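Going by this note's numbering, the sequence shown opens with residue 36, and the numbers climb by one from there. Each residue gets a CB set at the ideal place from its N, CA and C atoms; glycine is no exception. Since this is a predicted model, take the numbers as computed values, not measurements.
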Amino acid sequence: MKDNLQRLKIKYIIFITIFFTILYKGAEFYTRTLDYVPSYFMAWEKKIPFLTIFMLPYMTSAPFFFGTFLTIKDEKKLNFYVKQAIFLTVVSIAIFFIVPMKFYFPKPEIANPIFNFFFYVLGQLDSSFNQCPSLHVSFAFLSIGIYCKEMKTKLKYLISIWGFLIAISVHFVYQHHFIDFVGGFIMFLITWYIFPKFIKSVKK
């Protein structure tokens, strides 16, 4: 039974990775073809410092998310979690197509060769498009919810703190504006609270 669950987790991780990449890159490609892509930010955001150290939590977003699969020990919960991840991805990327945005602030020069490499990798994997809602933020909070729900030890509090650092890191590595953060958090709330209620009502 456990072996079947482990195999299912691996299949889901592979599926989500491919599914997410195709949709995310598709939205990015579409936005690059547009003649004009707006940016939305407030004046106070210009005072947010660029802190390379926040690249550490930022780059752990994917393993942080996939780690949640390891904590779920029930197949029904796992199946529903995957549905939540799919819902979150599809709705967010639909918004990217409908309301395309880009990040406005240029990244400063990075002297540290290690962090310079990290930002080079970021540039290859991500872009200044696909902004609101921030999937980085949405998945960080969704993952925190799963860790807190499934883990019974105090370790979940440390993991939650790291998840919060992942969420706020989008500001300090100049990847998202505040509106993207708010949009990502709202998308998480919809996925975590409203989506389950909708599914239950449909089943009735």
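Please look up how many angstroms separate the CB atoms of residue i and residue j, rounded, as I've assumed it's under 8 Å.
| i | j | result |
| --- | --- | --- |
| M77 | F223 | At roughly 21 Å, the Cβ-Cβ gap does not stay under 8 Å, so M77 and F223 are not in contact. |
From this set, the options, which residue's C-alpha is nearest residue i's C-alpha?
| i | options | result |
| --- | --- | --- |
| E110 | V72, I128, L123, K44 | K44 |
| F140 | V205, F50, I51 | V205 |
| K240 | S236, K108, N165, R42 | Missing from the structure shown is residue 240; the chain here goes from 36 to 239 and no further. |
| K232 | A129, Q119, G218 | Q119 |
| F98 | I51, T226, F122, Y71 | Looking at the sequence provided, one finds Pro at residue 98 rather than Phe. Considering only alpha carbons, the answer is I51. |
| F85 | Y209, I234, Y75 | Y209 |
| F131 | Q41, L40, T66 | T66 |
| K58 | Y182, F174, V126, K187 | Per the sequence shown, residue 58 should be read as Leu rather than Lys. For the residues Y182, F174, V126, K187, the minimum Cα distance to L58 belongs to V126. |
| D38 | T68, F207, T226, K108 | K108 |
| S163 | I229, K142, Y182 | K142 |
| K82 | I225, F207, Y228, F216 | F207 |
| L113 | K184, V217, I225 | K184 |
So does the region 201-210 actually touch the region 162-180, counting three or more Cβ pairs closer than 8 Å?
yes
Between the region 141-152 and the region 82-97, can you find at least three pairs of beta-carbon atoms closer than 8 Å?
Proximity of the region 82-97 to the region 141-152 meets the contact definition, three or more beta-carbon pairs being nearer than 8 Å.
Would you call the region 163-170 and the region 103-118 touching, i.e. three or more CB-CB distances under 8 Å?
no
Going residue by residue through the region 73-122, where are the continuous beta strand (DSSP E) segments of at least 3 residues, counting only ones entirely within it?
none
Give the list of continuous alpha helix (DSSP H) stretches no shorter than 4 residues that lie fully inside the region 151-220.
170-185, 190-207
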